[in-house]
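Comments concern the structure below.
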Amino acid sequence: VTQAGRWPLMIDPQEQANQWIRQMEANNGLKIVKLTDSNFIRVLETGIRIGIPVLIEEVGELLDPTLGPIMLKQTFIQGGRLMIRLGDSDVEYDSNFRLYVTTKLANPHYLPEICIQVTLINFTVTPSGLEDQLLADVVRLERPDLESQRTELIVRINNDKGQLKAIEDKILRLLFASEGNILDDEELIETLNESKETSAIIGARVIEAEATEEKISSARERYRTVATRGSCLYFVVADLANIDPMYQFSLKYFNQVFTSVITSSPPADELDARLQILLREITLAIYTNVSRGLFERHKLVFSFMLCTSIFKNAGSISEAEWSFLLRGALAGSVVDPPKKPNLPTLSDVQWMNVIYLSVNFHPFERLPYECTNKIIINVGDFEQVILLDLLNPIDSNVNWNEKLSLFERMMVLKALKEEKLVFAITEYVKSQLGKAFVESPLVSLPLLYQDTTNVTPLVFVLSTGSDPVGGFLRFAADTGNRDRIQSISLGQGQGPIAEKMIDSGKKRGDWVFLQNCHLASSWMLDMERIILHIQENPRDVHTDFRLFLSSMPSNRFPVSVLQNSVKVTNEPPKGLRANLKRAFNEITEDFFEDHALYGKWRKMIFGLCMFHAVIQERKKFGPLGWNILYEFNDSDRECALLNLQLFCQDSYKIPWDALEYTTGEITYGGRVTDYWDQRTLKTILKGFFAPETLEEGYKYSESGTYYSPDVITLAEFRDFIESLPLIEEPEIFGMHENANLAFQTKETASVIVTIMEVQPRESAGAEGKSSDEIAFELADIIKERIMTKIDPDEAHPILLRTDSRGTLPSLTTVLFQEVDRFNRLLRVMHTSLRDLQLAIKGLVVMSDQLEEVYTSFLNNQVPKLWSRVAYPSLKTLGSWIRDLELKLDFISMWLKWGQPTSFWLSGFFFPQGFMTGCLQTHARKYSTPIDELMVDFTVLNTYIDQEAVELVHRGSIREDERAYKDLVVPTDGVLVHGLFVDAGRFDEKVGYLCDPRPGEINPPLPVMQLLPVTKMDTKRLRYAAPLYKTSVRAGTLSTTGHSTNYVVTVHLPSREPQS
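Residue numbers for the sequence shown follow full-length UniProt numbering, so the first one is 1 and each next one is one higher.
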């Protein structure tokens, strides 16, 4: 920093460099400035003129062009004076001037033109460096005698060594100046004698001091476990900022919590007992203080990361085990796996995971042979029975709970029952760290208020539907501060008003509440400046002054404010009961009880509130609930209740048509953009808000748990709501019990993906392989498995045969379009694989695109570079590569050997194009206008698995009829296969759509005949099921009113009429 020829630019996320520079230059009149300050140029000019140091802090990835000449030290002589160009003027340059630049960005990407101007220095704290700092803090507080002895010793040793050096320098100087015979120089002889005696004394002292230092060090080392734990915890806390921009915690804040626990925790006579108390209390304090500022969905993520970080640090969890739990079997890591047992409950991904575990981890070597048997896994109080073969339940020959550690048991769940992993994670944390780490810490304004000061603000981090103002006003009234509140909701032009409020508030000791800071992003820099000024000048601030802020998560919210404030999240409670409770707390007695419709009025209100709760809580089921997640909020419910009052005030007759229309099409329906979601919304509305809901004994669900009670007062309704189940079953949402599996899968995926996003880029696979080796090998495997091109010149002559009008068959045109799309994808893939391998070798630059491919390979994800030119898919990289192999085989065989007996509908890039091709073929054959034709389906009773088809192709190297069993090509239309049912099952024995079996997710549909018709059969009972490309269902809304993910409506035979 001080010796380099260029000015330093310090990467300083923890402000270590900032503090050091401030201390080092404190006596030299250091000026501190930011690029965003209005007086930035003036401060810099003053520093250059009079030769005082300047610190520019919190710079971004771009520097002000004005700094260019200063960075490059482009001075020149003018009129005998040393000058430098600053902006549009020349400034006299004092050679004593020093410039320091710091950035809070943890991983900045500076352009080469900036890098050559500065000396880049990374001040980011390292685990070992932080450990030493924390060790000094622990010993200073626990054994102040040891720390003071050590400090004195260091000073004494340095003084002694300095004295020895001074004597040596004096002797050398005298020897150099001596003339004639050295022995005649008395001063030199005396100095030599003195130095001999002094050095002997000092030498003995140094040896003695070093021995003492060793004793002190060994005593200090006994506290290292506490420092190691602290360092380990800090880096988990620091990673949270990558999950949400509001999760900012400074090292200074962490140190405060760390030291306060040491001073306030109960003492113990034995050192080992004391160390255990410190380890427990520090971990709990960090969890409690940090998790109150996290959203509910991230609290388990945080506690699990804390837990695994501690055990990884201790060596109990290996990097390979951790990687498997997050990523599963890495793509290409299992070459030629054994044949999968023929069980519908065992997916390809599960089988790959089982084989990967058995190959890479010794304790799992029997898993491929035992996975079809009944396996019982216990993690803490959680027990999971894994039974894949439902018809032949045989107990496993291995006691997996005895053989495996807790973490290894979770790896079995990851492989075979991933949706249950979220429960196992909760129990794992609970059994390893304690119950407190899986419960949300108690958060109340009185508790939070104790942590705030006149210079430490309280920040409410908001989520949709939350509002902390009511609770805040109640707390202010309880503490007698109701009259001292100044509150403003920020927005355009509100900044100056808020600034005046803070100015007057800090003088008078008011409470100032700035709401919705995210709506005033342009004023955030001014707000940061005001708050920092308050924190730097606490004497100018009234002791009773308090600042409260509320904001939705936003990248624009100042990091420095977040790091130096108390943060708390404010979320509405989840669940049907909590939703109803909130609704009935907002309804007044007059509105609810005084109406001419009496009991009917109350039932209508209850039904409407139930409907509101159900459509909101359906969101937890992901695409099973809604194709698109709509932000239904409390104002929708209020509007619907006001409409109800408006329509029912004049007559005793209830205008149901008007009420159903305004509620279903306008109040709620106005938010809904997807046609199928609109159908769902209106169906749900009929179950809660329709004439039959007012009948005696009407129940909202089959179980009879939910109904409108026959009571009168609002208080009685509130009591009834309190008696409802805390966790609702899927049946109230009109769903099968399997919907819980979808919910659990979504919850598990959320936890795993969140953790994976914040992982550092380390070795992610088997022991001993670096990330570079893993990515390089994976690129080799993919290049080997995936062909480079489908050659359209290899097309079979029958495909190119034209009709009487000289036109190619429609399906041939579809085929060539598909070939073009696949070739584009293959070109992008192979180019990026080649470039990635060159970049890993260091022969080409690792661009941002290649960096993203590299990271995706380590995380077993499909790179965005590929998915942008590929078909929609939710698969992991390993499954995606296998799926692509199947698709390429399907298209290649069709191209080389003509049309297959049955088309694999999932194998198309653009299935809508194939449907149009089928319609066009029919239209040409029967000379029917294509716009009069529709697609209809007839379900057969044969199942075809594309894996088996590809296996036959591999054996015969050509199209083979045996792959399609006994199917015959129909006269009209085509046969298609490869579709799956979501939240249902097709029973081929009776030929109807029915409920799925317990635990059965996405069972396959049999082969179907796709038949173009001019008129749909409306006599038979059939259910109109939308066909989607992926189970996400959502896509971009197209001009047809449907999602781009939507393909066509498939009418499936049903025993019951559709709603």
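Beta carbons are placed, not taken as given, at the ideal position from N, Cα and C, and that holds for glycine.
- prompt: So is I77 buried or exposed if we call it buried at 16+ other beta carbons inside 10 Å?
  reply: exposed
- prompt: Roughly how many angstroms separate the alpha carbons of G37 and V512, rounded to a whole number?
  reply: Residue 37 is actually Asp in this sequence, not Gly. Using only the alpha carbons, I get a separation of about 25 Å.
field: Reduced DSSP secondary structure (H/G/I, E/B, other) of N122
entry: strand
- request: Using beta-carbon positions only, say whether F903 and V976 come within less than 8 Å of one another.
  value: yes
- request: Rounded to whole angstroms, what's the CA-CA distance from E695 to L580? Just pull it up for me.
  value: 21 Å
field: Distance CB(L490)-CB(L458) smaller than 8 Å
entry: no
query: Is the distance from the Cβ of R1022 to the Cβ of P1003 below 8 Å?
result: no
task: For G991, decide whether its Cβ has a neighbour in chain D, counting only Cβ atoms nearer than 8 Å.
output: Chain labels in this structure do not include chain D; a single protein chain is all it has.
- request: May I ask which residues mark the beginning and end of the beta strand (DSSP E) holding W523?
  value: Run containing W523: none; DSSP gives neither H nor E here.
message: Restricting to Cα atoms, I'd like to know which of D674, K574, N516 and V568 is closest to S550.
response: N516
Same chain, Cβ closer than 8 Å to Q494, five either side skipped, listed in chain order: I488, A520 and W523
- prompt: So, are the CB atoms of G991 and V949 less than 8 Å apart?
  reply: no
task: Express the C-alpha separation of F472 and T453 in angstroms, rounding to a whole number.
output: 16 Å
field: Whole runs of the beta strand (DSSP E) within the segment 27-87, excluding any shorter than 3 residues
entry: 31-34, 54-57, 75-78 and 81-86
- prompt: Which of the three DSSP states, helix, strand or coil, is assigned to A983?
  reply: coil
- prompt: For L86 versus L44, is the C-beta distance shorter than 8 Å?
  reply: yes
message: Going by beta-carbon coordinates alone, are I386 and N738 separated by less than 8 Å?
response: no
field: 8 Å Cβ cutoff met for F437 and S303
entry: yes
message: Applying the 10 Å Cβ sphere with the 16-neighbour rule, what's the burial state of Y234?
response: buried
task: Determine, using beta-carbon pairs with one atom in the segment 655-663 and one in the segment 622-630, whether at least three such pairs fall under 8 Å.
output: no
message: Quick check on E383: does DSSP put it in helix, strand or coil?
response: strand
message: Which complete beta strand (DSSP E) runs does the segment 197-256 hold, if anything under 3 residues is left out?
response: none
message: Tell me the DSSP secondary structure of M10 in three-state form.
response: strand
query: Can you tell me whether DSSP reads Y1023 as helix, strand or coil?
result: strand
- request: With a threshold of 16 other CB atoms inside 10 Å of the CB of S956, please say whether the residue is buried or exposed.
  value: exposed
- prompt: Going by the beta-carbon positions, is the gap between L251 and Q14 smaller than 8 Å?
  reply: yes
task: Using the Cα positions of Q678 and T667, report the straight-line distance between them to the nearest angstrom.
output: 12 Å
Touch test, the segment 122-137 against the segment 79-94, Cβ-Cβ under 8 Å, three pairs minimum: no
Counted within 10 angstroms of its Cβ, other Cβ atoms place A477 as buried (16 or more) or exposed: exposed
message: Quick check on DSSP: helix, strand or coil for F361?
response: coil
Local conformation of W601 per DSSP, three classes: helix
query: When DSSP labels each residue in this structure, what does E1056 get in the three-state scheme?
result: coil
Rounded separation between Q23 and L330 - CA only: 50 Å
- prompt: Nearest to H362 by CA position, among D336, S405 and I376, is which residue?
  reply: S405
query: Hey, F157 and V237 are a contact pair by Cβ (cut 8 Å); roughly how many whole angstroms apart?
result: Inspection of the sequence shows that residue 157 is occupied by Ile rather than by Phe. In fact, because the Cβ distance is near 36 Å, the residues do not count as touching under 8 Å.
- request: Return the chain-ordered list of same chain residues with a C-beta closer than 6 Å to the C-beta of V1050, the five sequence neighbours on each side being excluded.
  value: F937, A1025 and L1027
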